[in-house]
Amino acid sequence: MSQNEVEAFAEEKLGWTGYVEWEKYPEKKSAATKILNTKKFTPIPEFQLVPLPKTNPILIGHRWKEYHEALGLKSVVDFSWKTVLEEKPDLLHVLDFPYNGETTREQLLLGKITDNKYHFVRNHGGIPDIQEDVFELEIGGLVNKTVKLSLKDLKDPAKFPQTEVTVTLQCSGTRRIEQIEQYPGDGDELINAPWGEGAIGTAVYRGVSLKKVLKLACGGVTPECKHLEFIGADTYFKKKNVFNYAVSVPFRKVRAAEEVLLAWEMNGQPLPKSHGAPLRVVVTGYIGARSCKWVYRINALAEPSMGPVQAQEYLYYTSQIGKQNAKYSNGFSIQQMPVSSAIISPVDKKVIVHDGKITLKGWAYSGGGNWVERVEVSPDGGSVWYAVDQENMTEKHYHAWRLWAIDVPVDAEGWLEFCVRTWDSSNNTEPTFVRSSWNWDLHVTSSCHRIKLYSVNRTRAATRERLAELAARQTEFEPLTLPLEYTLEGTEDYLAACRKYPREPVC
Ligand SMILES: Nc1nc2c(c(=O)[nH]1)N[C@H]1C(S)=C(S)[C@@H](COP(=O)(O)O)O[C@H]1N2
Ligand SMILES: [Mo]
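Just so we're aligned, residue 1 is where the sequence shown starts under full-length UniProt numbering, counting upward by one.
Right under this line is the structure:
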């Protein structure tokens, strides 16, 4: 690439490192496409039909790093990783670039509010580095007055009333690994991250209501306005085309004052860079994708955004749709998050030695303005259900999850399947099996979360005896699959038992 071409994609403004404006310059977009079409890139990796590597980071985003490098944006890749190591050293690094980091089980259960250090991150591109004092938000399109607002303006309580809302953000890819394990689907160019149960987190966001900003700064929107589009400063690639991240939500949603915020503070701290500093959108009850980070422009539109993240992704297909017939128009656009839950402790395949009760813990959440009313756990795959006591659930919020814990009565021994289901304030509950709601893009895995535990019930005499024997021999029960080193029964006992109840029937 010539020096001129690299310079063509220079950063837009001083103090806005890592931000290249694409949406305003169609010629610049086609110049970038031309360059991308002349290059070869590392193929999209297979990660569904083969076991995931046991490395950390788990997956490496070679292709997206190369896309950035091809346009002279390698420094964005480097800055992103440096920021991750500073802000998120303890997450599970599911994909190194664009960065996708998952909250661990231990971190998830620490409390109702997720520490900023532990809150998951989902990126579609690099992390921009924008100075707060030069930052401006532009609001245009179908508004009565186009405006540019500095962060100082937005933060001035005399101009806009401020608000704090406790919000759970959930990526619609949360628990995707369960779909992948049963039936692989679209891998995506970006890599549809193989998330477990930790692409969810809860924080208190401080900011201003978008409804009020539109009213006070723009004199409202025009009657044709149906969607509000949010543009983020990161660069996004789709089939060799280049964009800024763009999504939209209906104006109906924005009209609820506490439901769409422009936020600069997270849990009492300045918004971290990985979460969208200096300003992000927070859309309550919607899939995480709509909560645009590094938002610098808002467009009032007559129709949903044509950005690929809005128009071509986050689509929910029927199980009849797949690689053979998927289009952008034949899946519906996922906006509100349905009710879902997960068992976080114990982990799948664990041996539990107990006295008739097993403790389970996890999260439960519902979007779309619904809240969690009841969490139920089954120790037998879904026939018998026990409800979690209200006192063992965190407080109810309109827009946040509830953490829960329960001691489930368990008499049976051996492998048992436990599952959880949640009922929300509209009496919605979860599909029974992964299969019931598998979809090609592997979104919204909201079916009952299932784990298998090996139950060893000490209240049973034979089990108590075996455990006492093991203790006397200073031998551990686990690993489960390792055979006992000593004989299971003496010859005399064996013969006595078999003679009392002979193995052969009588004639
Ligand atoms: N600008 C921009 N905003 C974005 C994204 C992105 O890649 N770029 N990712 C979205 C997705 S898919 C999710 S799930 C949430 C995650 O928010 P978090 O990283 O703050 O947890 O951010 C959303 N906002
Ligand atoms: Mo997401």
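Glycine is no exception: its CB is placed at the ideal position from the N, C-alpha and C atoms.
- Within the same chain, Cβ atoms closer than 7 Å to the Cβ of S447 are found at E430, P431, T432, F433, V434, S436, S437, the five residues on either side in sequence being excluded.
- Secondary structure of I127 (DSSP, three-state): coil.
- Between L36 and the set V165, H449, Y67, the nearest pair of CA atoms involves Y67.
- Membership of L453 in any alpha helix (DSSP H) is not indicated; the residue belongs instead to the beta strand (DSSP E) covering 449-457.
- Counting along the chain, Y296 sits inside no alpha helix (DSSP H); it lies in the beta strand (DSSP E) bounded by residues 295-301.
- At a Cβ-Cβ threshold of 8 Å, E373 and S425 count as neighbours.
- Counted as a single uninterrupted DSSP element, the beta strand (DSSP E) harbouring D424 occupies residues 414-424.
- Secondary structure remark: continuous alpha helix (DSSP H) runs of at least 4 residues inside the stretch 99-151, in chain order: 105-108.
- Not one heavy atom of ligand 2 falls within 7 Å of the beta-carbon of S305.
- With a cutoff of 8 Å on beta-carbon distance, K238 and P128 are scored as not near each other.
- Summarising the contact set, residues whose Cβ lies nearer than 5 Å to any heavy atom of ligand 2 are, in chain order, R122, C171, G288, A289.
- Straight-line measurement puts the Cα of N325 at about 43 Å from the Cα of V208.
- Inclusion of S291 in the 7 Å shell around ligand 1 follows from its C-beta lying nearer than that to a non-hydrogen atom of the ligand.
- Restricting attention to beta strand (DSSP E) runs no shorter than 3 residues, the stretch 355-442 encloses them at 357-365, 372-378, 402-409, 414-424, ordered along the chain.
- Contact fails between the stretch 157-176 and the stretch 403-411, because fewer than three Cβ pairs, one in each stretch, are under 8 Å apart.
- Taking every protein chain shown into account, the CB of P157 has fewer than 16 other CB atoms within 10 angstroms, so this residue is exposed.
- Take W440, set aside five residues on each side of it, and the residues of its chain with a beta-carbon closer than 7 Å to its own are G185, D186, Y317, I321, G322, A326, in chain order.
- Check the Cα spacing between P194 and each of L301, L442, Y398: the tightest is with L442.
- In this structure, S366 lies away from T445, with their beta-carbon atoms at least 8 Å apart.
- Fewer than three pairs of CB atoms, one per stretch, sit closer than 8 Å, so the stretch 334-341 makes no contact with the stretch 351-361.
- Per DSSP, S75 is one residue of the alpha helix (DSSP H) stretching across 74-87.
- Bounds of any alpha helix (DSSP H) do not take in L262; it lies within the beta strand (DSSP E) bounded by 260-266.
- Counting along the chain, L279 sits inside no alpha helix (DSSP H), nor does DSSP assign it H or E at all.
- Taking all protein chains in view, the Cβ of W415 is surrounded by fewer than 16 other Cβ atoms within 10 Å, so the residue is classified as exposed.
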